[in-house]
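Asker: This is the structure I have questions about; it appears just below.
Protein chains: 2
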Amino acid sequence: MADSPACASAAAPSTGGGSLLIAWQLKEKHVLIVGGGEVASQRIESVLTADALITLLSPTKGLHARTKELIDAHPARITYYDRRFSGPGEIHKMDMVLTALDDVNRSREICELCRKAKVPVNAADIPDLCDFYFGAQIRDGPLQIMISTNGNGPRMAALMKKRLQSALSGKEGEAIVRVGALRAQLKERAPGVGGALGRKRMKWMSEVCNSWDVDELRQLDDVNILKLLDEGWEKDAVPTLHQLKGQQKRNGPRASPSSNFLQSSNFSEWLPAIGSFALGAACTTLVFLARKR
Amino acid sequence: MADSPACASAAAPSTGGGSLLIAWQLKEKHVLIVGGGEVASQRIESVLTADALITLLSPTKGLHARTKELIDAHPARITYYDRRFSGPGEIHKMDMVLTALDDVNRSREICELCRKAKVPVNAADIPDLCDFYFGAQIRDGPLQIMISTNGNGPRMAALMKKRLQSALSGKEGEAIVRVGALRAQLKERAPGVGGALGRKRMKWMSEVCNSWDVDELRQLDDVNILKLLDEGWEKDAVPTLHQLKGQQKRNGPRASPSSNFLQSSNFSEWLPAIGSFALGAACTTLVFLARKR
Numbered sequence: 209m210a211d212s213p214a215c216a217s218a219a220a221p222s223t224g225g226g227s228l229l230i231a232w233q234l235k236e237k238h239v240l241i242v243g244g245g246e247v248a249s250q251r252i253e254s255v256l257t258a259d260a261l262i263t264l265l266s267p268t269k270g271l272h273a274r275t276k277e278l279i280d281a282h283p284a285r286i287t288y289y290d291r292r293f294s295g296p297g298e299i300h301k302m303d304m305v306l307t308a309l310d311d312v313n314r315s316r317e318i319c320e321l322c323r324k325a326k327v328p329v330n331a332a333d334i335p336d337l338c339d340f341y342f343g344a345q346i347r348d349g350p351l352q353i354m355i356s357t358n359g360n361g362p363r364m365a366a367l368m369k370k371r372l373q374s375a376l377s378g379k380e381g382e383a384i385v386r387v388g389a390l391r392a393q394l395k396e397r398a399p400g401v402g403g404a405l406g407r408k409r410m411k412w413m414s415e416v417c418n419s420w421d422v423d424e425l426r427q428l429d430d431v432n433i434l435k436l437l438d439e440g441w442e443k444d445a446v447p448t449l450h451q452l453k454g455q456q457k458r459n460g461p462r463a464s465p466s467s468n469f470l471q472s473s474n475f476s477e478w479l480p481a482i483g484s485f486a487l488g489a490a491c492t493t494l495v496f497l498a499r500k501r
Numbered sequence: 209m210a211d212s213p214a215c216a217s218a219a220a221p222s223t224g225g226g227s228l229l230i231a232w233q234l235k236e237k238h239v240l241i242v243g244g245g246e247v248a249s250q251r252i253e254s255v256l257t258a259d260a261l262i263t264l265l266s267p268t269k270g271l272h273a274r275t276k277e278l279i280d281a282h283p284a285r286i287t288y289y290d291r292r293f294s295g296p297g298e299i300h301k302m303d304m305v306l307t308a309l310d311d312v313n314r315s316r317e318i319c320e321l322c323r324k325a326k327v328p329v330n331a332a333d334i335p336d337l338c339d340f341y342f343g344a345q346i347r348d349g350p351l352q353i354m355i356s357t358n359g360n361g362p363r364m365a366a367l368m369k370k371r372l373q374s375a376l377s378g379k380e381g382e383a384i385v386r387v388g389a390l391r392a393q394l395k396e397r398a399p400g401v402g403g404a405l406g407r408k409r410m411k412w413m414s415e416v417c418n419s420w421d422v423d424e425l426r427q428l429d430d431v432n433i434l435k436l437l438d439e440g441w442e443k444d445a446v447p448t449l450h451q452l453k454g455q456q457k458r459n460g461p462r463a464s465p466s467s468n469f470l471q472s473s474n475f476s477e478w479l480p481a482i483g484s485f486a487l488g489a490a491c492t493t494l495v496f497l498a499r500k501r
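Respectively, the protein sequence lines represent chains A and P. Number 501 marks the last residue of the first sequence (our numbering); no jumps. Number 501 marks the last residue of the second sequence (our numbering); no jumps.
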């Protein structure tokens, strides 16, 4: 087995001090949530995202308005009991337990039961008892992003979230869905797991994703996917979207390059240049007029 | 308990189809990695980030160069055995198991043993057997970001990672460390858990993080923290970094506002405007010269 913790710490890698960020799978798994307040409502939403089946324990008087809404909206997903946590029997069928209680001692007790039963557990506000932490999250369809500051405060995680969101166009989720569709159709056309064909598929998919941008990828509708497989995969090439559209043009009327140019140009981007041009013209006119007098 | 899976699926929330993204804690926990190839080396690096103690099983001939390097670099963290997985006895002391084997059947076998022993497990390339998935990751000190496309291909995750990285200055980690230091010093000055004081502390920290930008936050050295607590927290205010520095200025020479302006302006940003100005001037000159003739 490994060295004792005390010995090991001395040689801890300089890259340490972090967490293992993972995407936990909860589809049709059973999650117990103890508590019904605001934090509990956030936990419910996180766990619904992962298609879990929730058992919720909380006296009705402790239910937050959002928790009530969620209970009403997802009767097949959330089984609600108007009572407190009663003991070890609540845990043994569970795949995960989340506590969101004001009572720290009760929370600590539940965590210890979970540890014994080897059920992953998170206790809101008691970090040292948790198997795992939550973080700030961004979701756009199949795209999920988590931001953790490893215990350095939720404020900075929220700030990072805002900054990362500004880098996304909101079209990434759509692009990922379309690339998923392309991948599925490619696998139908060239089936099999691993081997030389698997590597060739991976390499070609990789080249498409690297040479097309997000906005182009989301234009991969069924027609474009077929065309890309015919003109790209079959010919061992990666045509651009422009080239694919050029081929469509021969088959029917399409927007002309000039109208495309006008559409894709953002007028506001030109404003400073137009302003400067006008200012340059105006200044020169003034110089000439001054000279005339 | 909750409804049967079949019933529940029909009422699955529209937000479903995702994972539960979490930051798993592995400090001084025992992780078994079976396999020594390239994927195993990536697993080792992820797990070292979280300060785990690794037991690695792989015949020497199956070790990737990077895996060898890691074994040599972290003798107190990685206990390496030159042999294959031998049976259930390997698992019962483990907190997590990761397989990275070419042998799918062996991998499947190990996963089943883990499921029985309630040990979280990930099998590379066999998604349906995994308790959790890995994703693309960004790390900058205490800041960790994970990008998951929920099984829609690693290429798009890599593309998203690149896009998100371009939104970060690389100074966020430093800023988070300094905010952590501010938070710790504030807690020393105004100690206690929860209650009105806890809420006041949280509100003030929140205001500081919202009104200062990342580049300002990373300038929170010990002197500035002290000044911010004296001039901010104590007076129930949130002074700007400029205001704090203004106070320092009285105590010693600082860069003048005009030199700050020149430093912060990016000359290349002005080039298009300067070009347009010149073009406007040139065109107008030509018009005047043409008229003269």
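The beta carbon of each residue, even a glycine, is placed where N, CA and C say it ideally should be.
Taking the CB atoms as reference points, tell me whether P/K369 and P/I384 lie closer together than 8 Å.
Answerer: Taking the second sequence and counting its residues from 1, the one referred to as residue 369 of chain P is at position 161. Taking the second sequence and counting its residues from 1, the one referred to as residue 384 of chain P is at position 176. Not a contact, by the Cβ cut-off of 8 Å.
Asker: Beta carbon of P/L428, beta carbon of P/L434: below 8 Å?
Answerer: To locate residue 428 of chain P, count along the second sequence from 1; it is residue 220. To locate residue 434 of chain P, count along the second sequence from 1; it is residue 226. Not a contact, by the Cβ cut-off of 8 Å.
Asker: Identify whether P/V327 lies in helix, strand or coil by the three-state DSSP scheme.
Answerer: What you label residue 327 of chain P is simply residue 119 of the second sequence in a count that begins at 1. Three-state result, P/V327: coil.
Asker: Does the distance from the CB of A/L234 to the CB of P/L234 come in under 8 Å?
Answerer: Residue 234 of chain A sits at position 26 when you count from the first residue of the first sequence. Residue 234 of chain P sits at position 26 when you count from the first residue of the second sequence. Not closer than 8 Å, so no.
Asker: List the residues of chain A that P/F293 touches, going by C-beta distances under 8 Å, in chain order.
Answerer: In the second sequence, counting from the first residue as 1, residue 293 of chain P sits at position 85. Result: empty, since nearest Cβ-Cβ is about 15 Å, beyond 8 Å.
Asker: Would you report the Cα separation of P/G226 and P/M304, rounded to the nearest angstrom?
Answerer: Counted from its first residue, the second sequence places residue 226 of chain P at position 18. Counted from its first residue, the second sequence places residue 304 of chain P at position 96. Roughly 22 Å separates the two Cα atoms.
Asker: Find the nearest neighbour of P/R363 within the set A/Q451, A/L425 and A/T223, judged by alpha-carbon distance.
Answerer: Along the second sequence, read from residue 1 onward, the residue named residue 363 of chain P stands at position 155. Answer by Cα proximity: A/L425.
Asker: Which one of P/N418, P/Q451, P/R285 and P/C338 has the shortest CA to CA distance from P/R432?
Answerer: If you number the second sequence from 1, residue 432 of chain P lands on position 224. Position check: residue 432 of chain P holds Asn in this sequence, whereas Arg was assumed. The residue with the shortest Cα to Cα distance from P/N432 is P/Q451.
Asker: Do A/G361 and P/M413 have their beta-carbon atoms positioned less than 8 Å apart in this structure?
Answerer: Sequence index remark: in the second sequence, residue 413 of chain P carries index 205 (1-based). Sequence index remark: in the first sequence, residue 361 of chain A carries index 153 (1-based). Taking 8 Å as the Cβ cut-off, P/M413 and A/G361 qualify as a contacting pair.
Asker: Can you pull the chain P neighbours of A/V387, defined as C-beta to C-beta under 8 Å?
Answerer: For the purposes of this step, residue 387 of chain A is taken as the residue at position 179 of the first sequence. The contacting residues are N360, G361, R363 and M364.
Asker: Looking only at its chain, what residues have a beta carbon closer than 7 Å to the beta carbon of A/C491, apart from the 5 residues adjacent to it on each side?
Answerer: Translated into the one-based positions of the first sequence, residue 491 of chain A becomes position 283. There are no such residues.
Asker: Would you call the stretch 255-270 of chain A and the stretch 278-297 of chain A touching, i.e. three or more CB-CB distances under 8 Å?
Answerer: Short answer: they touch.
Asker: Quick check on P/D421: does DSSP put it in helix, strand or coil?
Answerer: Your numbering for residue 421 of chain P matches position 213 in the second sequence. In this structure, P/D421 counts as coil in the three-state DSSP scheme.
Asker: Return the chain-ordered list of same chain residues with a C-beta closer than 6 Å to the C-beta of P/L271, the five sequence neighbours on each side being excluded.
Answerer: For this step, residue 271 of chain P is matched to residue 63 along the second sequence. Closer than 6 Å at Cβ, skipping near neighbours: G244.
Asker: A/V242 lies in the beta strand (DSSP E); which residues open and close that run?
Answerer: Along the first sequence, one-based indexing puts residue 242 of chain A at 34. A/V242 -> beta strand (DSSP E) spans H238 to V242.
Asker: Among P/I230, P/P296, P/G297 and P/M302, which has the Cα closest to the Cα of P/E236?
Answerer: Along the second sequence, one-based indexing puts residue 236 of chain P at 28. If we check each option's Cα against that of P/E236, P/M302 comes out closest.
Asker: Are P/I252 and P/F293 close, meaning C-beta to C-beta below 8 Å?
Answerer: Here the question's residue 252 of chain P lines up with position 44 in the second sequence. Here the question's residue 293 of chain P lines up with position 85 in the second sequence. The answer is no: Cβ separation not under 8 Å.
Asker: What whole-angstrom Cβ distance do P/G349 and P/G381 have, given they're in contact under 8 Å?
Answerer: As a position in the second sequence, residue 349 of chain P is number 141, starting the count at 1. As a position in the second sequence, residue 381 of chain P is number 173, starting the count at 1. Indeed, because the Cβ distance is near 3 Å, the residues count as touching under 8 Å.
Asker: Do P/T357 and A/L487 have their C-beta atoms closer together than 8 Å?
Answerer: In the second sequence, residue 357 of chain P corresponds to position 149, counting from 1. In the first sequence, residue 487 of chain A corresponds to position 279, counting from 1. The answer is no: Cβ separation not under 8 Å.
Asker: Does the CB of A/V242 have a neighbour CB from chain P at under 8 Å?
Answerer: Position 34 of the first sequence holds residue 242 of chain A. Not closer than 8 Å to any Cβ of chain P, the Cβ of A/V242 fails to qualify, so no.
Asker: If we define contact as Cβ-Cβ less than 8 Å, is P/A220 a contact residue for chain A?
Answerer: For the purposes of this step, residue 220 of chain P is taken as the residue at position 12 of the second sequence. With a pLDDT of only 38 at P/A220, under the threshold of 50, the placement of this residue in the model should not be trusted, and no figure is reported.
Asker: Between P/W232 and A/I230, is the Cβ-Cβ spacing less than 8 Å?
Answerer: Within the second sequence, numbered from 1, the residue matching residue 232 of chain P stands at position 24. Within the first sequence, numbered from 1, the residue matching residue 230 of chain A stands at position 22. Yes, the Cβ-Cβ distance between P/W232 and A/I230 is below 8 Å.
Asker: Quick one: which chain P residues come within Cβ less than 9 Å of A/Q451?
Answerer: Within the first sequence, residue 451 of chain A is the residue found at index 243, counting from 1. Neighbours of A/Q451 on chain P: none; closest Cβ ~20 Å, over 9 Å.
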